[in-house]
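Visitor: Before anything else, here's the structure in question.
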Amino acid sequence: MKKTFVIWAVFLFSALLGAEPALQDLSTFPKGQVTVRSANGPQYFDVWIADSPDRHRQGLMFVRDLPASQGMLFVNEAPRVVSFWMKNTFIPLDILFFDVRGRLVAVFENTTPQSLDPIGPDEPVKWILELRGGESAKRGFKRGDVMQYSARTPPQRTD
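Note that this note's numbering has the sequence shown beginning at 255, numbered continuously upward.
This is the structure in structure tokens:
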């Protein structure tokens with residue numbers, strides 16, 4: 255009996271170590287509006303703001319539908335080289351990477367759902383915008399386009 259208890263205790267402890275943090279409802283994320291100025295004029299998106307490590311880890315995981323005018327803006331405290339993956343992401347996304355000046359430096363279009371392949375540029379970025387797959391091409395986004403946060407100041411990380 256004691257041996258069985260020890261085995262179950264070890265199993266439970268191991269399972270807890272590997273558990274992912276609880277997901278937050280997206281309604282608890284800060285919200286904002288992003289404007290991307292392209293050759294086609296300003297393009298507006300209502301966004302959830304991922305401004306903490308937990309929100310960065312969660313991103314758009316488990317989202318099954320994303321309207322064309324909605325997305326998520328990830329905020330880095332300082333510019334850095336980053337990469338994303340599509341673990342537990344059920345829809346294709348366009349992932350746009352912006353430098354400290356808000357200039358678009360890279361676009362990865364129609365990323366593959368559930369893929370664990372790293373996605374990201376080799377240069378430091380400050381902001382990352384995730385949109386529904388295909389929106390970048392539809393709206394004509396190109397390297398050098400400029401992103402602005404609606405409050406005229408970038409969102410700040412909370413950690």
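Backbone N, C-alpha and C fix where the C-beta goes; we use that ideal spot for every residue, glycine too. Computed from a predicted model, the values in this text were never measured in an experiment.
Rounded to a whole number of angstroms, what is the C-alpha to C-alpha distance between His310 and Leu277?
Guide: Here residue 310 is taken as the residue at index 56 of the sequence shown, counted from 1. Here residue 277 is taken as the residue at index 23 of the sequence shown, counted from 1. Those two C-alpha atoms are separated by around 11 Å.
Visitor: With contact counted as at least three CB pairs below 8 Å, one residue from each stretch, are the stretch 363-376 and the stretch 323-331 in contact?
Guide: no
Visitor: Can you tell me which of Met401, Trp339 and Met340 puts its alpha carbon nearest to the alpha carbon of Arg355?
Guide: Residue numbering aside, residue 355 sits at position 101 when the sequence shown is read from its first letter. It is Met401.
Visitor: If you check the beta carbons only, do Thr343 and Gln312 fall under 8 Å apart?
Guide: Locating residue 343 in the sequence shown gives position 89, counting from the first residue. Locating residue 312 in the sequence shown gives position 58, counting from the first residue. No.
Visitor: Taking C-alpha atoms, which residue in Ser404, Leu280, Phe352 and Pro333 lies nearest to Asp308?
Guide: The count along the sequence shown starts at 1 and reaches residue 308 at position 54. Closest option to Asp308, Cα to Cα, is Leu280.
Visitor: Does DSSP classify Lys392 as helix, strand or coil?
Guide: Here residue 392 refers to the residue found at position 138 of the sequence shown. Note: Lys392 maps to helix in three-state DSSP.
Visitor: Quick check on DSSP: helix, strand or coil for Ser292?
Guide: Taking the sequence shown and counting its residues from 1, the one referred to as residue 292 is at position 38. DSSP places Ser292 in strand when its eight states are reduced to three.
Visitor: Measuring CA to CA, which of Leu347, Gln287, Leu320 and Asp376 is closest to Gly387?
Guide: In the sequence shown, counting from the first residue as 1, residue 387 sits at position 133. The residue from Leu347, Gln287, Leu320 and Asp376 with its alpha-carbon nearest to that of Gly387 is Leu347.
Visitor: Determine the closest residue to Asp376 out of Val290, Phe352, Ser404 and Lys285, with distance taken between C-alpha atoms.
Guide: Along the sequence shown, one-based indexing puts residue 376 at 122. When only C-alpha atoms are compared, the closest one is Phe352.
Visitor: Could you check if Ala304 is buried or exposed, using at least 16 other CB atoms within 10 Å of its CB as the buried criterion?
Guide: Against the sequence shown, residue 304 aligns to sequence position 50. By the neighbour-count definition (other C-beta atoms within 10 Å, threshold 16), Ala304 is a buried residue.
Visitor: How close, in whole Å, do the beta carbons of Glu389 and Leu314 come, if the pair is a contact with beta carbons under 8 Å?
Guide: Numbered from 1 along the sequence shown, position 135 holds the residue referred to as residue 389. Numbered from 1 along the sequence shown, position 60 holds the residue referred to as residue 314. No, Glu389 and Leu314 are not in contact; Cβ-Cβ is about 13 Å, not under 8 Å.
Visitor: Nearest CA to the CA of Val379: which residue from Asn330, Asp399 and Tyr403?
Guide: Translated into positions along the sequence shown, residue 379 becomes position 125. Nearest C-alpha to Val379: Asn330.
Visitor: Return the CA-CA distance between Pro296 and Ile373, expressed in angstroms with no decimal places.
Guide: Residue 296 sits at position 42 when you count from the first residue of the sequence shown. Residue 373 sits at position 119 when you count from the first residue of the sequence shown. Pro296 and Ile373: Cα-Cα distance of roughly 26 Å.
Visitor: Among Arg393, Asp300 and Ala293, which one has its Cα closest to the Cα of Lys285?
Guide: Here the question's residue 285 lines up with position 31 in the sequence shown. It is Asp300.
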